[in-house]
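Heads up, the thing below is written out as structure tokens.
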Amino acid sequence: MERRGLNIRKGFLRFWLPMIRAFPLPRASRFLSGFGRMEYRLSGRLRGEFRQAVERGQETLGCRWDIHGVSRELAGNHVLWRTRDLLLDGVKDERARAMFTVEGREHLDAALAEGRGCLMLASHFGAHLLPAHWLFRQGLPVRFYMERPRHISRYLQRHFETDGPLGQDKLFISRKGAAADSASSILRAARAVKAGMILYLAGDVRWTGQLTEPATFLGREMRFSTTWVVLAAMTGTPVVMVFCRMEPDGRYHIEFRPAFHVPRDAAEKGETGLWVKHFLEVLEEQVRRYPENSNDYFFWSEMEKQLA
Numbered sequence: 115m116e117r118r119g120l121n122i123r124k125g126f127l128r129f130w131l132p133m134i135r136a137f138p139l140p141r142a143s144r145f146l147s148g149f150g151r152m153e154y155r156l157s158g159r160l161r162g163e164f165r166q167a168v169e170r171g172q173e174t175l176g177c178r179w180d181i182h183g184v185s186r187e188l189a190g191n192h193v194l195w196r197t198r199d200l201l202l203d204g205v206k207d208e209r210a211r212a213m214f215t216v217e218g219r220e221h222l223d224a225a226l227a228e229g230r231g232c233l234m235l236a237s238h239f240g241a242h243l244l245p246a247h248w249l250f251r252q253g254l255p256v257r258f259y260m261e262r263p264r265h266i267s268r269y270l271q272r273h274f275e276t277d278g279p280l281g282q283d284k285l286f287i288s289r290k291g292a293a294a295d296s297a298s299s300i301l302r303a304a305r306a307v308k309a310g311m312i313l314y315l316a317g318d319v320r321w322t323g324q325l326t327e328p329a330t331f332l333g334r335e336m337r338f339s340t341t342w343v344v345l346a347a348m349t350g351t352p353v354v355m356v357f358c359r360m361e362p363d364g365r366y367h368i369e370f371r372p373a374f375h376v377p378r379d380a381a382e383k384g385e386t387g388l389w390v391k392h393f394l395e396v397l398e399e400q401v402r403r404y405p406e407n408s409n410d411y412f413f414w415s416e417m418e419k420q421l422a
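This note's numbering puts the sequence shown at residues 115 to 422.
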């Protein structure tokens, strides 16, 4: 969902962020999401769009939510979500780490202990870039395998400035890339995880063409990228799902799930789509439990109508 005046709002927030960071960070985070809640109160058009989207989600998932409450909090979290990790830019490690509650760290440690790297399977749920920010703060070797994120902190940008055979620059992908580029990028990604790195990628990427499978998410069938399944099968690397919620107190809750392995013969057995479906079912359960962290999911169908 694109709000009117989005670029103006981004410029406004970037200007004020250095001063906002002077507050205790949880309070600063609540202050940022407060902009979204204020817009929700003041704009009847915006309020109607959020309520309709949340009502669609409730009907699809068969839930019973407080429509007004979820819509208001979702509107607030939209602003915080679009701020990415900018709130933590220039913040010392100790202060930044206090913004995170981490659940399941033992699952990540167990995966890394196998010595074969790790596929960190993220999504666009919640504060989706913050787990990577936290991983860097832990001093862990992380590479992104996705389109280059925009509007991020200088802290993350500095970690992207790596070159060489295992550098970050060659691992960013593009929807406009040719099939040959896609094949070579998968090989580079495989080398990164075989070198013991954490490869950070999303499992809810809608895609077309090769390396996709149809799957149902929030009541609609779409095609999703299967790159993560291919990589996991090719390398034998453990896969760890991660979810990060924006909490009411302004902090972030990171949850690492137990690692699993994709069989090497998954493609030959025609099981690639089953693994995609499995991840989307887990993701859908997160949306069911925490709809205020659903970001743009409830707006996907409306966004596609606008582009048609």
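Quick reminder that beta carbons are idealized off the backbone N, C-alpha and C, glycines included.
Residue i to residue j span [Cα, whole Å]
i      : j      : result
Arg267 : Gly229 : Checking the sequence shown, residue 267 turns out to be Ser, not Arg. Ser267 and Gly229: Cα-Cα distance of roughly 30 Å.
Ser147 : Tyr404 : 16 Å
Asn191 : Arg144 : 9 Å
Tyr366 : Trp342 : 25 Å
Arg262 : Ile134 : 26 Å
Trp195 : Arg378 : 36 Å
Asp180 : Leu188 : 12 Å
Gln166 : Gly253 : 43 Å
Pair within 8 Å by beta-carbon distance, residue i and residue j
i      : j      : result
Gly317 : Phe393 : yes
Val354 : Ala241 : no
Pro371 : His182 : Going by the sequence as given, residue 371 is Arg instead of Pro. Cβ distance not < 8 Å, so Arg371 and His182 don't count as in contact.
Val168 : Val184 : yes
Leu301 : Leu200 : no
Gly387 : Ala347 : no
Phe338 : Val319 : yes
His238 : Asn407 : no
Leu345 : Ala304 : yes
Lys308 : Gly231 : yes
Phe412 : Arg170 : yes
As assigned by DSSP and simplified to three states, the class of residue i
i      : result
Pro132 : helix
Leu421 : For Leu421, the pLDDT reaches just 37, beneath the cut-off of 50, and the residue's location in the model is therefore unreliable, leaving the point undetermined.
Val353 : strand
Val216 : strand
Glu382 : coil
Met348 : helix
Glu369 : strand
Pro140 : helix
Phe286 : coil
Arg151 : helix
Glu327 : strand
Leu127 : helix
Beta-carbon separation (whole angstroms), residue i vs residue j, contact threshold 8 Å
i      : j      : result
Tyr314 : Ala246 : 5 Å
### Query
Counting only runs that start and end within the stretch 202 to 282, where is the alpha helix (DSSP H) found for 4 or more residues in a row?
207 to 211, 219 to 227, 244 to 251 and 268 to 274
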